[in-house]
Structures are given as C-alpha cells and as structure tokens.
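Remarks on the structure that follows.
In the numbering used here, the protein residues as written are 1 to 90.
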C-alpha cells in the first residue's frame, strides 16, 4: 500500500471486533461496538504547532466515533487526526 496521510493525520487499522454470542444467537457486524484500539499504519509529518508523536506500528486507543472509515485494497482503515488518539498501548 502506498498512502501518506497529510499534516497531523494518521491511518489506523482497527483491531477486529470480538465475535459476540448470546445463547447461540450471533450478533451481526452492524450491531457490534466499533473497536476502540488499533495499529498505526501510516502517519503524516505533523504541523508546525503540533509535531507528530505517533509512529508506524504503535498500538493506540481512540474515541468511539473518531476518524473517517476508508477501504483500501479490501481492508478497512480509519483516517483521523493525531489529537483523536487518546493513548499509546505499551
């Protein structure tokens, strides 16, 4: 994949939602909670007021409604601002 986010944006691959069952009933993907963590795939350069502190490969936590969903080469990603990321895991 050849994509480079601009400025303070990051491309994140969300961690797959866990399969949830209730007494043999499988909950459809549309009813599952959106993942709140993922892996940084690409980062921008940052801005003059806010340097980029995230790095490719880091596991991060982000807000439930953060970012814009995009699909590249059959894989779903989230594009969001660095400020939408709450924490780095590990």
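Don't be surprised by glycine CBs; every beta carbon is placed ideally from N, CA and C.
Quick one: is residue i buried, meaning 16 or more other Cβ sit within 10 Å of its Cβ, or exposed?
| i | result |
| --- | --- |
| residue 5 | buried |
| residue 25 | exposed |
| residue 53 | exposed |
Tell me whether residue i, by its Cβ, gets closer than 8 Å to a heavy atom of the ligand FAD.
| i | result |
| --- | --- |
| residue 38 | Of the ligands one can find in the structure shown there are none, so the ligand FAD has no counterpart to examine. |
Pull up the DSSP beta-bridge partners for residue i, would you.
| i | result |
| --- | --- |
| residue 10 | 43, 80 |
| residue 51 | 46 |
| residue 90 | For residue 90, which the question treats as bridged, DSSP gives no partner whatsoever. |
If you draw a straight line from the alpha carbon of residue i to that of residue j, how long is it in whole angstroms?
| i | j | result |
| --- | --- | --- |
| residue 51 | residue 8 | 8 Å |
| residue 71 | residue 37 | 17 Å |
| residue 3 | residue 82 | 16 Å |
| residue 62 | residue 13 | 12 Å |
| residue 47 | residue 79 | 16 Å |
| residue 76 | residue 45 | 23 Å |
| residue 68 | residue 49 | 23 Å |
| residue 55 | residue 39 | 10 Å |
In the DSSP assignment, the beta strand (DSSP E) including residue i goes from what residue to what residue?
| i | result |
| --- | --- |
| residue 68 | 68 to 72 |
| residue 60 | 59 to 62 |
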